[in-house]
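Only one structure is covered here, and it is reproduced in the block below.
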Amino acid sequence: MSVPYETAAHEPAESPETPEEYLARLLGRALNSFELPDETIRRLDCALAHDSSLHSAHHSAGLHRETYRHTWLLADGSALTLWELVHNPEPGSEPQYEVYVDEEELRTATMRLPLPPDGPDFELPVLVQLAPVPAPRHVYVPDDSADHARRLLRRAENADRPGPDTARLLRTAFAHQITQAFGRPCRAGRIGLGFALYEHAFLLRDGQEISLWEVEHTATPDGRHMCEVYPSEAAAREAMERRAAQVS
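Going by the working numbering, the letters in the sequence shown line up with residues 809 to 1056, in that order.
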């Protein structure tokens, strides 16, 4: 049974912190914060936003271990993740906090804890299978990005728009960027026909990136403006070609 991070870290949900305050408190409670590279600290000095999530947990015979993923959005549009390990050295003792830059360090620290090496609820395999967090491809702006994604999907009129699974993922978006995509044009079609293609790139709280591709066009029988949304650029461009051919 996992412990909510707000309880474990004594963080009142009603008083949100700035990225700088959050980092200061994270490093202040970590026993090994002095081991973090100076370059990592310098990069975090320019953080614009942050988010945290429980990654895994294990409780056994009075001992507990939780790991958390903390992700910061930096001013240059990149993301940086720190991994926090929270555990008690013996039953009934106060929790201790450690912070690590990468998954290998986290895995090594977890292995040395006095917890059983196997068992039905031991979650070390989850740590072994952690996916690397890629460097973002975009310059993101922290905003109400989850709501932006919801509104984008809601106004899409195509039946093959991204479904509930994508919508659930995008609820964790905390920054996004919108850019117009150019390149290969679709066929001319009817005179006055207008097409525009936009990429809506979202940064999720775990460091992942998801892009939705919006097609705005007037390729409708009455020339009405229409919005369609697709999960890839290829699918969006194919839709543009198809719509242009239908009204040629």
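Using N, Cα and C, we set each Cβ at its ideal position, and we do this for glycine too.
Smallest Cα separation from residue i: which of the options?
| i | options | result |
| --- | --- | --- |
| alanine 1044 | Ser861, His863, Gln1054, Leu1005 | Leu1005 |
| alanine 1027 | Glu1017, Glu1041, Ala1047 | Ala1047 |
| arginine 1032 | Ala1009, Ala957, Ala917, Phe1003 | Phe1003 |
| aspartate 884 | Cys854, Glu913, Asp1030, Ser860 | Cys854 |
| histidine 878 | Ser886, Ser868, His872, Ser861 | Ser861 |
| valine 949 | Glu1022, Leu856, Leu839 | Leu856 |
| arginine 851 | Leu839, Pro972, Leu890 | Leu890 |
| leucine 882 | Val947, Cys1035, Gln1054 | Val947 |
What number of angstroms, rounded off, separates the C-alpha of residue i from the C-alpha of residue j?
| i | j | result |
| --- | --- | --- |
| proline 903 | histidine 866 | 14 Å |
| leucine 961 | serine 953 | 12 Å |
| glycine 1015 | leucine 888 | 8 Å |
| glycine 1007 | leucine 977 | Here residue 1007 is glutamate; the residue named in the question, glycine, does not match the sequence. So the alpha carbons of these two residues sit roughly 17 Å apart. |
| phenylalanine 980 | glutamate 911 | Looking at the sequence shown, residue 980 is not phenylalanine but threonine. If I take the Cα positions, the gap works out to 22 Å. |
| arginine 1042 | arginine 1051 | In the sequence on display, residue 1042 carries alanine and not arginine. For alanine 1042 and arginine 1051, the distance between alpha carbons rounds to 14 Å. |
| alanine 917 | glutamate 1022 | 44 Å |
| serine 1040 | serine 841 | 41 Å |
| isoleucine 986 | histidine 895 | 41 Å |
Run through DSSP, which three-state label would residue i get?
| i | result |
| --- | --- |
| tyrosine 948 | coil |
| serine 901 | coil |
| alanine 1043 | helix |
| serine 886 | coil |
| glutamine 1016 | coil |
| threonine 987 | strand |
| histidine 1067 | The structure shown does not extend to residue 1067, since the chain is modelled only from 809 through 1056, so no value can be given for it. |
| leucine 978 | helix |
| leucine 914 | helix |
| leucine 961 | helix |
| glutamate 825 | coil |
| alanine 1004 | strand |
By DSSP's criteria, residue i is part of a beta bridge. Which residues make up the other side?
| i | result |
| --- | --- |
| histidine 1033 | DSSP, once it has assigned bridges, lists no residue as partnering histidine 1033. |
| glutamate 892 | Tyr876, Val907 |
Start-end ranges of the beta strand (DSSP E) lying completely within the stretch 832–889, minimum 3 residues: If you keep only unbroken beta strand (DSSP E) runs of at least 3 residues inside the stretch 832–889, you get 855–868, 871–882.
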